[in-house]
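With full-length UniProt numbering, the residue at position 314 of the sequence shown is 314, and numbering never jumps. See below for the structure under consideration.
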Amino acid sequence: MSNVKTLNPLIPDPEIFQDFVDALGDHIPAIERDIGRLKNAPEDRAVLADLFRAVHTIKGDAALCKLDLAVRIAHPIESILSRLREGQLQFSELIGEAVLLALDRLELAIDAIGAGRSVENLRLDKLIQGLDALGGCQPAEVDQYSAELIEAVTGFQPIASIGTAPRQARPVLRSNEHLANDLRFFRSLAQQFENRSPLFKGRSARLLKLALDTNAEAGKPVDPVQLAAAVYMHDLGMMFVPESVWLKVGRMTDEEKQQLRQHPLQGAGLLQRMEGWEEAARMVAEHHEMPDGAGYPRGLGQRDICDGAKILAIVDAFEAVTLKHGQRGHTRSVLRAIAEVNACDKQFAPEWIAPFNAVIRRQVEAAD
C-alpha cells in the first residue's frame with residue numbers, strides 16, 4: 001500500500017472535518033452494537049445490511065472531506081461487509097474483532113489528525129494491508145487472516161477476553177515490620193478511594209501488578225516496596241478534590257485545573273512526613289510530570305523525573321483509558337489503552353514503554 005504519510009493526514013477544511021468527526025462518532029456506537037448482534041446471529045442479513053450502509057456512509061463522507069486515510073481504511077471494510085452480506089464469507093467473532101479494531105484505529109487516526117499529531121504509531125500501514133488481504137481471502141482463511149491482522153496491528157494474539165481483575169500482587173517487603181504495617185495502611189486509604197465508584201473496584205490491585213511487573217521486566221531499578229507505596233498513595237489527593245471537578249466532562253476553569261493539579265502533592269506530603277517513604281513520596285509528587293516538561297505540578301523534564309514516577313504515569317494512564325472505553329468490552333478497551341499509551345510519545349518516558357508492552361503482552365497471551 002501507499003506510505004501512510006502520503007495518505008493526506010492534513011485537514012483540507014476544518015469545518016467539514018469537524019462534521020466528519022461528529023458523524024463518525026454517531027456511526028461507531030451503532031456499528032459496535034450491530035457487530036455484537038452478529039455474534040449471536042451471524043447470518044442476520046438485516047444487520048449485515050445496516051453495517052454495510054454505515055461503513056459505506058463513512059467512506060463517502062471521508063471522500064467528500066478529502067480524507068484519503070479514512071477512505072483507505074473504510075474501503076476494505078466495506079468490501080468485507082459486502083462479501084458477508086452476499087454470503088461469500090461467514091461472519092465469525094474474529095472477523096468482527098478485526099473490523100472493530102480497524103474502526104477503532106480510524107477513530108484514533110482522526111483524533112491525531114485533528115490534534116496535529118503523527119499517526120505513525122498506529123501501524124495503519126499494517127492495518128490497511130491486513131484489511132486488503134482479508135477482503136480478498138478465501139472463506140476458509142477468514143479467521144486466519146483476521147487473527148494475523150489483529151496481531152500485526154496490536155502486537156498481541158487475539159483472544160476472547162483478557163479476563164477479570166488480576167490477583168492481588170504481593171510486593172517483596174524488607175525485613176522491617178513497620179514498613180509492612182505502613183503498606184497495609186496505605187492500601188486501606190487506596191481502598192477508600194476505590195469505594196467512591198463501582199468502576200474503581202480492583203483498581204489498586206491492577207495498578208500494583210502492572211507497576212511491579214513492569215519494574216521487574218526492566219531489572220527492578222526501582223525499590224518494589226517504595227513503588228507499591230506510591231501506587232497506593234498516588235491518588236490520595238483526589239479524595240480532597242470535589243467530585244464535580246474530577247468527574248467534570250466539559251472544560252475546566254483555571255481554578256478547577258489548579259485544584260486538580262495539586263492532588264499529587266497531598267499524597268506525597270503525607271509520605272514525606274512518615275519515616276522511610278521518601279522515595280515513594282517523590283514518585284507520587286512526580287507521576288503527572290511529562291518528559292517534555294508539559295506536566296504538573298512542577299513542569300519537570302525527562303532527566304528530572306524519577307523512574308518510579310515514570311512507571312506510575314504509564315500504568316495509571318493505561319488504567320484510565322481501559323476504564324474510559326470499558327463499554328466496548330474488556331478486550332477492545334485493553335487494546336485501545338495499549339494503542340493510546342504507545343501513541344503518546346511525549347507524555348511517557350520512552351525507555352519504560354518497552355517493558356510495559358512486554359508485561360501486557362504476557363498478560364494478554366496468558367489469558368487465552
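Think of the CB as a built atom: it goes at the ideal place given N, C-alpha and C, for glycine as much as any other residue. For clarity, every value in this text was computed on a predicted model and none was experimentally measured.
Next item on the list: Kindly indicate the opening and closing residues of the alpha helix (DSSP H) around Ser146.
Entry: Counted from its first residue, the sequence shown places residue 146 at position 146. Ser146 -> alpha helix (DSSP H) spans Val142 to Thr154.
Margin query: Considering only the alpha carbon of each residue, which of Gln138, Gly114, Ile113 and Arg105 lies closest to Leu127?
Written below: By one-based count along the sequence shown, residue 127 stands at place 127. For the options Gln138, Gly114, Ile113 and Arg105, the alpha carbon positioned closest to that of Leu127 is the one of Arg105.
Note to self: Buried or exposed, going by whether 16 or more other CB atoms sit within 10 Å of the CB of Arg206?
What the structure shows: Within the sequence shown, numbered from 1, the residue matching residue 206 stands at position 206. When all chains shown are included, Arg206 counts as buried.
Next item on the list: Quick one: which unbroken alpha helix (DSSP H) runs of 4-plus residues sit fully inside the segment 66 to 113? Chain order, please.
Entry: For the segment 66 to 113, whole alpha helix (DSSP H) runs of length 4 or above, ordered along the chain, are 68 to 85.
Notebook entry, point to check: Just the Cα atoms here: how many angstroms apart are Asp26 and Gln138?
Noted result: Here residue 26 is taken as the residue at index 26 of the sequence shown, counted from 1. Here residue 138 is taken as the residue at index 138 of the sequence shown, counted from 1. If you take the alpha carbons of Asp26 and Gln138, they lie about 32 Å apart.
Check: Using a Cβ-Cβ cut-off of 7 Å (strictly less than) and excluding sequence neighbours within five positions of Leu323, which residues of its own chain qualify?
Finding: Working through the sequence shown from its first residue, we reach residue 323 at position 323. So the list reads Leu199, once near-sequence residues are dropped.
Next item on the list: With Thr57 as the anchor, note down where its alpha helix (DSSP H) starts and where it stops.
Entry: Numbered from 1 along the sequence shown, position 57 holds the residue referred to as residue 57. Counting along the chain, the alpha helix (DSSP H) containing Thr57 begins and ends at Arg45 to Leu64.
Check: Would the segment 308 to 317 and the segment 84 to 97 be scored as touching if the rule is three or more Cβ pairs under 8 Å?
Finding: Short answer: they don't touch.
Notebook entry, point to check: Alpha carbon to alpha carbon, what distance is there between Glu120 and Gln144?
Noted result: As a working note, residue 144 is residue 144 in the sequence shown. As a working note, residue 120 is residue 120 in the sequence shown. So the alpha carbons of these two residues sit roughly 25 Å apart.
Margin query: Check for me: the alpha helix (DSSP H) holding Gln258 runs from which residue to which?
Written below: Taking the sequence shown and counting its residues from 1, one reaches residue 258 at position 258. Run containing Gln258: Asp254 to Arg261, per the alpha helix (DSSP H) assignment.
Check: For Glu243, which residues of its own chain have a beta-carbon under 8 Å away from its beta-carbon, when the five flanking residues on both sides are left out?
Finding: Looking up residue 243 in the sequence shown gives position 243. The answer, listed in chain order, is Arg196.
Notebook entry, point to check: Once you ignore the five residues that flank Leu48 on each side, which residues in its own chain have a CB closer than 6 Å to its CB?
Noted result: Position 48 of the sequence shown, counting from 1, holds the residue named residue 48. Excluding residues within five positions, the ones whose Cβ falls inside 6 Å are Leu84 and Arg85.
Checklist line | Classification of Val4 by the beta-carbon crowding that lies within 10 angstroms, buried from 16 upward | finding: Looking up residue 4 in the sequence shown gives position 4. Caution applies to Val4, whose pLDDT of 47 falls short of 50 and renders its modelled position unreliable; the model cannot decide the point.
Check: Is the beta carbon of Lys310 sitting closer than 7 Å to the one on Trp277?
Finding: Locating residue 310 in the sequence shown gives position 310, where the first residue counts as 1. Locating residue 277 in the sequence shown gives position 277, where the first residue counts as 1. In this structure, Trp277 does not lie closer than 7 Å to Lys310 by Cβ.
Margin query: Rounded to the nearest angstrom, what separates Lys39 and Ile80 at their Cα positions?
Written below: Taking the first residue of the sequence shown as 1, we reach residue 39 at position 39. Taking the first residue of the sequence shown as 1, we reach residue 80 at position 80. For Lys39 and Ile80, the distance between alpha carbons rounds to 16 Å.
Margin query: Would the segment 32 to 46 count as touching the segment 64 to 80 if we require 3 or more Cβ pairs under 8 Å?
Written below: Between the segment 32 to 46 and the segment 64 to 80, the count of Cβ pairs shorter than 8 Å is below three; the stretches do not touch.
Margin query: Quick check on Pro12: buried or exposed, where buried means 16 or more other Cβ atoms within 10 Å of its Cβ?
Written below: One-based indexing of the sequence shown puts residue 12 at position 12. Answer is exposed; the Cβ neighbour count stays below 16.
Note to self: Can you give me the C-alpha to C-alpha distance between Arg361 and Arg187, rounded to a whole angstrom?
What the structure shows: To locate residue 361, count along the sequence shown from 1; it is residue 361. To locate residue 187, count along the sequence shown from 1; it is residue 187. About 27 Å.
Item checked: C-alpha gap between Glu286 and Glu32, whole angstroms -> Taking the sequence shown and counting its residues from 1, one reaches residue 286 at position 286. Taking the sequence shown and counting its residues from 1, one reaches residue 32 at position 32. Glu286 and Glu32 have their alpha carbons spaced roughly 38 Å apart.
Check: To which residues of the same chain is Ala190 closer than 6 Å at the C-beta, ignoring the five residues directly before and after it?
Finding: By 1-based counting over the sequence shown, the position of residue 190 is 190. Here the set comprises Ser204 and Tyr232.
Notebook entry, point to check: Who are the Cβ neighbours of Gly237 in its own chain at under 8 Å, not counting the five residues just before and after it?
Noted result: Residue mapping note: residue 237 aligns to position 237 of the sequence shown, counting from 1. A distance below 8 Å between beta-carbons, with the five flanking residues on each side excluded, links Gly237 to the following residues of its chain, in chain order: Gln262, His263, Pro264, Leu265, Gln266 and Gly267.
Notebook entry, point to check: So, using beta-carbon positions, are residue 397 and Leu122 closer together than 7 Å?
Noted result: Outside the shown range of the chain (1 to 368) lies residue 397, about which nothing can therefore be said.
Note to self: Quick check: the Cα distance between Gly219 and Leu212, rounded to an integer number of angstroms?
What the structure shows: Within the sequence shown, numbered from 1, the residue matching residue 219 stands at position 219. Within the sequence shown, numbered from 1, the residue matching residue 212 stands at position 212. Between Gly219 and Leu212, the C-alpha separation is close to 11 Å.
Check: At what residues does the alpha helix (DSSP H) containing Leu300 begin and finish?
Finding: Along the sequence shown, one-based indexing puts residue 300 at 300. Annotation for Leu300: no alpha helix (DSSP H) segment contains it, and DSSP assigns it neither H nor E.
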